[in-house]
Amino acid sequence: MNLKMGSLFWQMGLCFWVFVFGYSFSTVNADTAGGGANVEGTVFIDGKAHIGKIDNDFVCATLDWWPPEKCDYGTCSWGHASLLNLDLNNKILLNAIKAFTPLKLRLGGTLQDKVIYDTEDHRLPCTHFVNDTSQLFGFTQGCLPLYRWDELNTFFKNSGAVIIFGLNALSGRSIRRDGSAVGAWDSRNAESLIRYTVKKGYHISAWELGNELSGSGVGARVAANQYASDTISLRNLVQDIYSGVEPKPQIIAPGGFFDQNWFKEFLDKTTKSLDVITHHIYNLGPGVDTHLIAKILDPSYLDGEANTFSRLQSIINSSTSSATSWVGEAGGAYNSGRNLVTNAFVFSFWYLDQLGMASAYDTKTYCRQTLIGGNYGLLNTNTFVPNPDYYSALLWHRLMGRNVLSTSFSGPKKIRAYAHCAKQSQGITLLLINLDNSTTVEAKVAFNGTSTLQHKHKLHRLHRLHKYRHRHRIHRTKVIRFEGSKTSEMEREEYHLTAKDGNLHSQTMLLNGNILTVNASGDIPPLEPLNVNSSSPITIAPFSIVFVHMPSVVLPACR
3 MNLKMGSLFW QMGLCFWVFV FGYSFSTVNA DTAGGGANVE GTVFIDGKAH IGKIDNDFVC
63 ATLDWWPPEK CDYGTCSWGH ASLLNLDLNN KILLNAIKAF TPLKLRLGGT LQDKVIYDTE
123 DHRLPCTHFV NDTSQLFGFT QGCLPLYRWD ELNTFFKNSG AVIIFGLNAL SGRSIRRDGS
183 AVGAWDSRNA ESLIRYTVKK GYHISAWELG NELSGSGVGA RVAANQYASD TISLRNLVQD
243 IYSGVEPKPQ IIAPGGFFDQ NWFKEFLDKT TKSLDVITHH IYNLGPGVDT HLIAKILDPS
303 YLDGEANTFS RLQSIINSST SSATSWVGEA GGAYNSGRNL VTNAFVFSFW YLDQLGMASA
363 YDTKTYCRQT LIGGNYGLLN TNTFVPNPDY YSALLWHRLM GRNVLSTSFS GPKKIRAYAH
423 CAKQSQGITL LLINLDNSTT VEAKVAFNGT STLQHKHKLH RLHRLHKYRH RHRIHRTKVI
483 RFEGSKTSEM EREEYHLTAK DGNLHSQTML LNGNILTVNA SGDIPPLEPL NVNSSSPITI
543 APFSIVFVHM PSVVLPACR
């Protein structure tokens, strides 16, 4: 069905409600509303067409190489979470990945550019990483034994994970004192690993070249034209090795921090070789920063990252490349995060807001640093028990469909609002985040079929517009089509996420007032919604997150 016909059916549905809104909603600032205040607001959704389309397996997590000796600010938070020593027999780990069916896993990180693969071409002893502050990244080279690669791939097959492997991009280069890495990539060791992988029948969804070597780099950097040449070499290599094999893995790069000039040059020179351009996000600063929570709860600070997404989207749209964009690694706070912040309930505010924002800029996949390891893992490094963000990620994966809807919010400025077409079901799903500690918001939902709303980082314009309409008594009609014939029969499903005892530092999350935890067998708990009459407003409690599935809403963008 084309968009025009879909819009016609939407407005002429056999059964519909007409809501007349006078734009008289409260715009009380949550900061000044007073303790325990209840205010109203409205979520506006443009249902004519989607503004982005994410991968079905949009949610992704990373597994890193850091050994137990990796320490930051006197804290050693990695334990046995490395690709080389992670307990692959842990039931919680297996169940946590299986629950996504599938979960993308990106294997890589800082030390990937110091990993040697113990294949036929490698004739030196296969040794572990050793802490050495005189070396790049503070460690010597490490080695991936083939028996461990076999173990990992057996586990990945059993878990149903989709694997992206990050290759060592510094092989063969010389690193100067200024951090520039010169010379062409030596692909021989990588080629040997890829050939072994194909020979064994292991499925790798994508091969990624390098980690954080773009722009000014982290520790080292490679010029964009050289990186493009190396990426073309990787593409040719994969095409040769996978000859007769379908589907072929994607080619991904550069896995670094966004630098507009570098990324533009790189993209322009890899138009026929690159499938995905990846960038990393640590916009909250170092894990030692004592203002992390203040940043997370500040809407203006959160909005700042929209600039990166917007500029990258512009570069892609103006290029002849068919490459799409991913966030290849995002931990929020670099140097392993911060205990009881980046692994606690409060971090779901940042994480889910990032997922919503990235989607609105047509990002196809978002990889969280990490699945396990450091202080920002979805799973506890020592016990493997899921942290709050794991459940946030799982709910997103199950509820938020591929089509992204233009969404804005009129009301308290500390409400964040996103909407997608529902996943594997009718209707739409809303994500509402309340960053305020005392204001409860009663939210209505309005659908706009005649004009496109502004992106969230331009919400101040919407506030002025709504105030103007209220002063001048301007009224508009919103037409919403529902499947069903009686108001009492129309229900939506709500998932309210809160911290145990209201403590933002808690590592225990409540779903609709019930603690989420694995059982004695390591099973992930069911995520059951509340059924609510669709005629009532959505209640967003202070410091809470709400997913709302509205199965009765049918929009042209979701047909």
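With the first letter of the sequence shown counted as 1, position 414 gets the number 416 in the numbering used here; the numbers rise by one all the way through. Glycine residues also receive a C-beta, built at the ideal position from the N, C-alpha and C atoms.
Express the C-alpha separation of Glu214 and Phe139 in angstroms, rounding to a whole number.
The straight-line gap from Cα to Cα measures roughly 12 Å.
Closest to Thr385 by CA distance: which of Leu299, Asp59, Trp80 is it?
For Thr385, the nearest C-alpha among the options comes from Trp80.
Could you check whether Ala419 and Leu434 sit closer than 7 Å to each other, using their CB atoms as the reference points?
Taking 7 Å as the Cβ cut-off, Leu434 and Ala419 qualify as a contacting pair.
Determine the direct distance from the alpha carbon of Leu304 to that of Gln536, and round the result to whole angstroms.
The amino acid at residue 536 is misidentified as Gln; the sequence shows Ser. Whole-angstrom Cα-Cα distance: 30 Å.
Do Thr44 and Ala395 have their C-beta atoms closer together than 7 Å?
It is not a contact, given that the beta carbons lie outside the stated cut-off.
Does Val61 pass the burial test, meaning 16 or more other C-beta atoms within 10 Å, or should it be called exposed?
Classification of Val61: buried, given that the 10 Å Cβ count is 16 or more.
Who pairs with Lys55 in a beta bridge, going by DSSP?
According to DSSP, which records beta bridges pairwise, Lys55 is partnered with Asn405.
Do Arg108 and Ile47 have their C-beta atoms closer together than 7 Å?
No, Cβ-Cβ distance for Arg108 and Ile47 is not below 7 Å.
Specify, as a first and last residue, the run of the alpha helix (DSSP H) that Tyr353 falls within.
349-362 is the span of the alpha helix (DSSP H), which, as asked, contains Tyr353.
Express the C-alpha separation of Asp291 and Met359 in angstroms, rounding to a whole number.
Computed Cα separation, rounded: 24 Å.
Provide the residue span of the beta strand (DSSP E) that contains Glu444, from first to last.
Element bounds for Glu444: 442-450.
Where does Gly144 sit, in a helix, a strand or coil, going by DSSP?
It is a strand residue.
Put Phe259 into one of helix, strand or coil per three-state DSSP.
Of the three classes helix, strand and coil, the one that applies to Phe259 here is coil, per DSSP.
Helix, strand or coil: which one does DSSP assign to Tyr393?
Tyr393 falls in the helix class under three-state DSSP.
Using alpha carbons as the reference points, say which of Phe411, Asn521, Thr367 lies closest to Leu105.
It is Thr367.
With distances taken Cα to Cα, identify the nearest neighbour of Val548 among Ile417, Thr272, Leu90.
Among Ile417, Thr272, Leu90, the Cα nearest to that of Val548 is on Ile417.
If you pair each beta-carbon of the segment 222-230 with each one of the segment 255-268, do three or more pairs fall below 8 Å?
The segment 222-230, when compared against the segment 255-268, does touch it at the 8 Å Cβ threshold.
Please work out which residues of its chain come closer than 6 Å, Cβ to Cβ, to Val555, disregarding the five sequence neighbours upstream and downstream, and give them in chain order.
These residues qualify, in order along the chain: Gly429, Ile430.
Let me confirm a value: Cys560 is counted as buried when at least 16 other C-beta atoms fall within 10 Å, else exposed. Which label applies?
Answer is buried; the Cβ neighbour count reaches 16.
Could you please give me the residues that DSSP links to Pro388 through a beta bridge?
DSSP output for Pro388 lists Leu381 as bridge partner(s).
With distances taken between CB atoms, is the gap from Val117 to Asn170 smaller than 7 Å?
Yes, Cβ-Cβ distance for Val117 and Asn170 is below 7 Å.
Going straight from the alpha carbon of Asn514 to that of Ala308, what length do you get?
Distance between the alpha carbons of Asn514 and Ala308 is about 31 Å.
Kindly provide the ranges of any alpha helix (DSSP H) runs that are 4 or more residues long and lie completely inside the segment 238-293, ordered along the chain.
The qualifying runs are 262-270.
Roughly how many angstroms separate the alpha carbons of Lys274 and Asp525, rounded to a whole number?
Cα-Cα distance, rounded: 44 Å.
Can you check whether the CB of Val278 is closer than 7 Å to the CB of Gln252?
In contact: Gln252 and Val278 (Cβ atoms closer than 7 Å).
On the DSSP letters alone, give me the boundaries of the alpha helix (DSSP H) that Lys100 sits inside.
Residues 93-100.
Just the Cα atoms here: how many angstroms apart are Val164 and Arg179?
Cα to Cα, Val164 sits roughly 38 Å from Arg179.
What are the start and end residues of each continuous alpha helix (DSSP H) run of 4 or more residues lying completely inside the segment 136-195, in chain order?
Counting whole runs of 4 or more residues, the segment 136-195 contains the alpha helix (DSSP H) stretches 148-161.
Nearest to Trp151 by CA position, among Asp188, Ser194, Ser136, is which residue?
With distances taken between Cα atoms, Trp151 lies closest to Ser194.
Can you tell me where the alpha helix (DSSP H) holding Ala308 begins and where it ends?
Looking at the DSSP string, the run of the alpha helix (DSSP H) that includes Ala308 is 308-320.
If you follow the beta strand (DSSP E) that Asp48 is part of, which residue opens it and which one closes it?
Run containing Asp48: 40-48, per the beta strand (DSSP E) assignment.
Looking at C-alpha atoms only, which residue of His422, Gly375, Thr310, Gly203 is the closest neighbour of Leu401?
The residue with the shortest Cα to Cα distance from Leu401 is His422.
Out of Ile374, Lys446, Arg175, which one is the CA nearest neighbour of Ala183?
Of the listed residues, the one whose Cα sits closest to Ala183 is Arg175.
Rounded to whole angstroms, what's the CA-CA distance from Arg265 to Gly287? Just pull it up for me.
According to the sequence provided, residue 265 is Phe. The question's Arg does not apply to it. Answer to the nearest angstrom: the Cα atoms are 22 Å apart.
In chain order, what residues of the same chain lie with their CB nearer than 7 Å to the CB of Thr510, ignoring the 5 residues before and after it?
Same-chain partners within the cutoff: Lys502, Ile517.
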